[in-house]
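Residue numbers (our numbering), protein chains in the order written: chain A, -11 to 377; chain B, 70 to 134.
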Amino acid sequence: MKWNSIRTKVLAALASCLVLGVGGILALLQYSFARNSQALASDSVAGAQKLFQVLEARETSKMAAVSETLMIDPQVRDAFAAKDRSRLLDITAPLYTKLKAEGITNWMFHAPEPDMAVFLRLHNPSKFGDRLNRFMDKEVVRTHAMVTGNELAKAGFAVRILRPFYDSKGKLSGYVEFGEEIGRFIKEMKSQTGDDYGLLLSKKFVDRQFWADSNAVWKRRDNWDDNPSFVVADKTTPSDSIIQFQQELASVPNRGKVLERFKTGDSVFVRGIFPIYDAARNTVGAMFVVRDISAVYESMRKTQNLLVALIIVAMLLSTVLVLTLLNRLVFRRLEHIIDVATRVVGGDYESEIKISSDDEIGQFEHLFEQFRCVFVDLLSHLPEFQNKE
Amino acid sequence: MSALYDLKVRIEDKIKADGLDAVKVRGQIGLRTGRILALITPGTADDPAAVAKLKQAAKDLLNLN
Chain A
-11 MKWNSIRTKV
-1 LAALASCLVL
9 GVGGILALLQ
19 YSFARNSQAL
29 ASDSVAGAQK
39 LFQVLEARET
49 SKMAAVSETL
59 MIDPQVRDAF
69 AAKDRSRLLD
79 ITAPLYTKLK
89 AEGITNWMFH
99 APEPDMAVFL
109 RLHNPSKFGD
119 RLNRFMDKEV
129 VRTHAMVTGN
139 ELAKAGFAVR
149 ILRPFYDSKG
159 KLSGYVEFGE
169 EIGRFIKEMK
179 SQTGDDYGLL
189 LSKKFVDRQF
199 WADSNAVWKR
209 RDNWDDNPSF
219 VVADKTTPSD
229 SIIQFQQELA
239 SVPNRGKVLE
249 RFKTGDSVFV
259 RGIFPIYDAA
269 RNTVGAMFVV
279 RDISAVYESM
289 RKTQNLLVAL
299 IIVAMLLSTV
309 LVLTLLNRLV
319 FRRLEHIIDV
329 ATRVVGGDYE
339 SEIKISSDDE
349 IGQFEHLFEQ
359 FRCVFVDLLS
369 HLPEFQNKE
Chain B
70 MSALYDLKVR
80 IEDKIKADGL
90 DAVKVRGQIG
100 LRTGRILALI
110 TPGTADDPAA
120 VAKLKQAAKD
130 LLNLN
């Protein structure tokens, strides 16, 4: 193969087109996949945030309805008004068992202000008399209306309602509180979306000793030191490896944030995170969302392979077609001209150039044939040839 | 006889001896050297540059030293 031949140059140009075409398709698909995975991650974060809010609102409504029903129960009202703890426990304990099955894990009666101490904990009856002094406690005392929100407490991070509780004469007996562990939400969210979730709590709002005690109660590994600024309160996967976040939870924007895409084995995932606020609107935690986009990735890979194969086949066919055309229209005719020119110079003056077309090469053939005639005529007038004759 | 003509005769002999397409080989040599072999006669004046070109062409195409 001659490196300076037109064939080689055309072949090189077509090979470059092939490389550029395949490279372009790969880059385009990669870009498209990056955009799709970003959109999927964004959709996961937005969807998870919306679902979380829906679950929060649903459970808040449920607990509000339970508290309404409780307030019209004369037995409960009288027992609480009389501050008869054991009677109140006897009356409410069967109901607590049923509510617990429905997810309401925390139920407390609080004494009225200024004491505001815990009068009865249905989920831990032996413990009472302590003051929680949380934002919600202060807020319900200030407003004397139902306060809802997420609050960290000894029993964990829960969505809670706290409302005033009145006796039959309309006098404030104290307050009643219901709470549901937010960790429970993520299991429901996973069952609805298929995505994995992790509930993170900022260490700023969690007491180290409280965390150690909670883990001991729930027989969980103490994971305080796993991350610098947060603890993983609950998650839907056995492993913490998918939860990767190095920033402060307070830096997560209100609408959530899409994190990066990552691969584990053959699976491809996208991560995102959205903030969780307590009743005082502090960013006490965040929900980590992980979506498996392996199916999308696999589909993209298949499309990519198909397109690359199609481009290679198309370019090979184009190469064959272009080279065949060049051969027929240019190279073969040029070779004929060279052959005739060589033979004429070699003494075969009868060789003629066949003009096969009136295209550009045909014009050249015509010109060269005229030149040949002039050349032969010129030779015939030379004395060396005349002498021969 | 000139050296140029002598070389031409050797070329013609070689072509004949090798049974080559005489017209084609003569044409190739002519195109390489810029000279028509038929026009080289015993009286053609020697030109060192032309002799060198013809020698080179003979070597390349016929392996003639």
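Cβ atoms here follow ideal geometry from the backbone N, Cα and C, with glycine treated the same way. The model shown is predicted, which means the values in this text are computed figures rather than measured ones.
Per DSSP, which one or two residues make a beta bridge with residue i?
i, result
"residue 184(A)", "278(A)"
"residue 136(A)", "149(A)"
"residue 154(A)", "160(A)"
"residue 27(A)", "Paired residue(s): none; residue 27(A) is not in a bridge."
"residue 316(A)", "The partner list for residue 316(A) (beta bridge, DSSP) is empty, contrary to what the question assumes."
"residue 119(A)", "105(A)"
"residue 273(A)", "189(A) and 264(A)"
Name the two residues that bound the continuous beta strand (DSSP E) containing residue i.
i, result
"residue 263(A)", "255 to 265"
"residue 163(A)", "160 to 169"
"residue 96(A)", "94 to 98"
"residue 207(A)", "Note, residue 207(A): premise wrong, no beta strand (DSSP E); not H, not E."
"residue 251(A)", "245 to 252"
"residue 108(A)", "106 to 109"
"residue 218(A)", "218 to 223"
Would you mind telling me which residues of chain A sit closer than 9 Å to residue i, beta carbon to beta carbon, in chain order?
i, result
"residue 85(B)", "Ordered by position in chain A, no residue passes the 9 Å Cβ test against residue 85(B), which lies about 14 Å from the chain."
"residue 114(B)", "Under the 9 Å cutoff, chain A gives no residues; its nearest Cβ is about 14 Å from residue 114(B)."
Check the Cβ of residue i against every Cβ in chain B and list those closer than 8 Å, keeping chain order.
i, result
"residue 355(A)", "Those within 8 Å of residue 355(A) in chain B number zero; the least Cβ separation is about 18 Å."
Does the ligand SAM have even one heavy atom less than 7 Å from the beta-carbon of residue i?
i, result
"residue 117(B)", "Ligands in the displayed structure: none, and consequently the ligand SAM is not present."
Quick one: give me the first and last residue of the alpha helix (DSSP H) that residue i is part of.
i, result
"residue 92(B)", "91 to 102"
"residue 112(B)", "Element bounds for residue 112(B): n/a, residue is neither H nor E."
"residue 340(A)", "Taken as a continuous stretch (DSSP letters only), residue 340(A) belongs to no alpha helix (DSSP H), as it is neither H nor E."
"residue 348(A)", "348 to 368"
"residue 77(A)", "73 to 89"
"residue 62(A)", "62 to 69"
"residue 86(B)", "72 to 87"
Segment contact flag, the stretch 177 to 184 of chain A with the stretch 209 to 221 of chain A, C-beta cutoff 8 Å, min 3 pairs
no
Residues of the stretch 118 to 134 of chain B in Cβ contact with chain A at a cutoff of 7 Å, in chain order, please.
none
Of all the residues that make up the stretch 330 to 347 of chain A, which are near chain B by a beta-carbon distance shorter than 9 Å?
330, 331, 332, 333, 334, 335, 336 and 339
Could you name the residues of the stretch 357 to 370 of chain A whose beta carbon sits closer than 9 Å to any beta carbon of chain B, in the order they occur along the chain?
367 and 370
If contact means a Cβ-Cβ distance below 9 Å, which residues of the stretch 73 to 99 of chain B contact chain A?
90, 91, 92, 93, 94, 95, 96, 97, 98 and 99
Taking contact to mean at least 3 C-beta pairs separated by less than 8 Å, is the stretch 183 to 192 of chain A in contact with the stretch 58 to 74 of chain A?
At 8 Å Cβ cutoff, the stretches do not touch.
Would you check if the stretch 341 to 354 of chain A and the stretch 322 to 333 of chain A touch, i.e. whether three or more CB-CB distances between them fall below 8 Å?
yes
For the 8 Å Cβ check, are there 3 or more pairs between the stretch 302 to 315 of chain A and the stretch 11 to 25 of chain A?
no
Stretch pair the stretch 200 to 209 of chain A + the stretch 235 to 246 of chain A: three plus CB contacts closer than 8 Å:
Judged by Cβ distances under 8 Å, the stretch 200 to 209 of chain A makes no contact with the stretch 235 to 246 of chain A, as fewer than three pairs qualify.
Does the stretch 149 to 157 of chain A touch the stretch 124 to 136 of chain A, meaning 3 or more C-beta pairs lie closer than 8 Å?
yes
Assess, as a yes-or-no matter, whether the stretch 34 to 45 of chain A is touched by the stretch 250 to 258 of chain A under the definition of 3 or more beta carbon pairs within less than 8 Å.
no
At least 3 beta-carbon pairs within less than 8 Å: the stretch 357 to 375 of chain A vs the stretch 329 to 336 of chain A:
yes
Could you say if the stretch 98 to 113 of chain A and the stretch 77 to 88 of chain A meet the contact criterion of at least three C-beta pairs nearer than 8 Å?
yes
At a cut of 8 Å, does the stretch 287 to 304 of chain A reach the stretch 264 to 277 of chain A through at least three beta carbon pairs?
no
Looking at C-beta atoms only, is the number of pairs between the stretch 159 to 178 of chain A and the stretch 33 to 41 of chain A that lie closer than 8 Å three or more?
yes
Is it the case that the stretch 187 to 205 of chain A contacts the stretch 97 to 104 of chain A, given that we only count it when at least three CB pairs across the two stretches are under 8 Å?
no
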